[in-house]
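Take a look at the structure below.
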Amino acid sequence: MLHLWVEDADAWWRRLDAADLAGRYGARVGVPEDRPWGMRDVSLHDPGGVLWRIGHALPG
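Here's what the structure looks like:
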């Protein structure tokens, strides 16, 4: 598992969605979610099976 900290997880999700990674490479991309541990992230399973969590800290 890899964590990539970004300024805006929703903006990254829009880019990932527009790139059609599922159709082009078989990657699985989730939607942005607020996590109980204080992070908003997007889950991405790449074709090699690696889980990426691309997200930012929630305020507070």
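Numbering of the sequence shown is given in our numbering, commencing with residue 13 and proceeding in unit increments.
No residue lacks a Cβ here, since even glycine has one placed at the ideal position from N, Cα and C.
How many angstroms separate the CA atom of residue i from the CA atom of residue j?
i, j, result
"histidine 57", "glycine 42", "9 angstroms"
"glycine 61", "aspartate 46", "23 angstroms"
Applying the criterion that 16 or more other CB atoms from any shown protein chain within 10 Å of the CB defines a buried residue, is residue i buried or exposed?
i, result
"alanine 78", "Given that the chain is displayed from residue 13 to residue 72, the structure contains no residue 78 and the question cannot be resolved."
"alanine 31", "exposed"
For residue i, does the three-state DSSP call read helix, strand or coil?
i, result
"alanine 31", "coil"
"tryptophan 64", "strand"
"tryptophan 17", "strand"
"alanine 23", "helix"
Mind checking whether residue i and residue j have CB atoms under 8 angstroms apart?
i, j, result
"tryptophan 17", "glycine 72", "no"
"leucine 63", "methionine 13", "yes"
Could you pull out every residue in the same chain whose Cβ sits closer than 7 angstroms to the Cβ of residue i, ignoring the five residues on either side in sequence?
i, result
"alanine 21", "Pro44, Arg52, Asp53, Val54, Ile66, Gly67 and His68"
Skipping 5 residues on each side, what residues in its chain have a beta carbon closer than 6 angstroms to that of residue i?
i, result
"histidine 15", "Arg65"
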